[in-house]
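In the UniProt record's numbering, the protein residues as written are 1 to 117.
Cβ coordinates follow ideal geometry from the N, Cα and C atoms, glycine included.
In structure tokens form, the structure reads like this:
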């Protein structure tokens, strides 16, 4: 499973970890089923996201805009102001094997989570 993550600027590690855990609980999944976190290239310097991946032992992959924009996510996104169709859903889909969203994006405070398999 791939967890796509969109964040507001200045996010903390704790906010990311809490959002991931809530999303997994709601979808009936466990951390052990997650192979990667995925986000937009513009988030590659977001310390809270990097630290959350490190703390949980899950790699964080940052995808270029053209990869994210090659997917048509089912949910509208505020990422359009950055020229993106979305972040959480397209990122999760891009790295997933089956290209199937099992949890559409949901916002947890300042973190957006989507999960794909």
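Rounded distance between the beta-carbons of residue j and residue i, thought under 8 Å
i: residue 2; j: residue 116; result: 5 Å
i: residue 39; j: residue 62; result: 6 Å
i: residue 105; j: residue 88; result: 5 Å
Counterpart residues of residue i in DSSP-defined beta bridges
i: residue 107; result: 112
Sequence-distant residues of the same chain with beta carbon closer than 7 Å to residue i, five excluded per side
i: residue 22; result: 108
i: residue 15; result: 48, 109, 110 and 111
i: residue 30; result: 24
i: residue 41; result: 62, 63, 64 and 65
i: residue 83; result: 65
Cβ-based neighbour list, residue i, same chain, cut-off 6 Å, excluding 5 preceding and 5 following
i: residue 86; result: 73, 77 and 79
i: residue 34; result: 1, 3 and 58
i: residue 52; result: 13, 16 and 17
i: residue 94; result: 63 and 67
i: residue 90; result: 68, 71 and 73
Check: What are the start and end residues of each continuous alpha helix (DSSP H) run of 4 or more residues lying completely inside the UniProt domain "CobE/GbiG C-terminal" (2-116), in chain order?
Finding: 13-27, 47-56, 65-68 and 88-95
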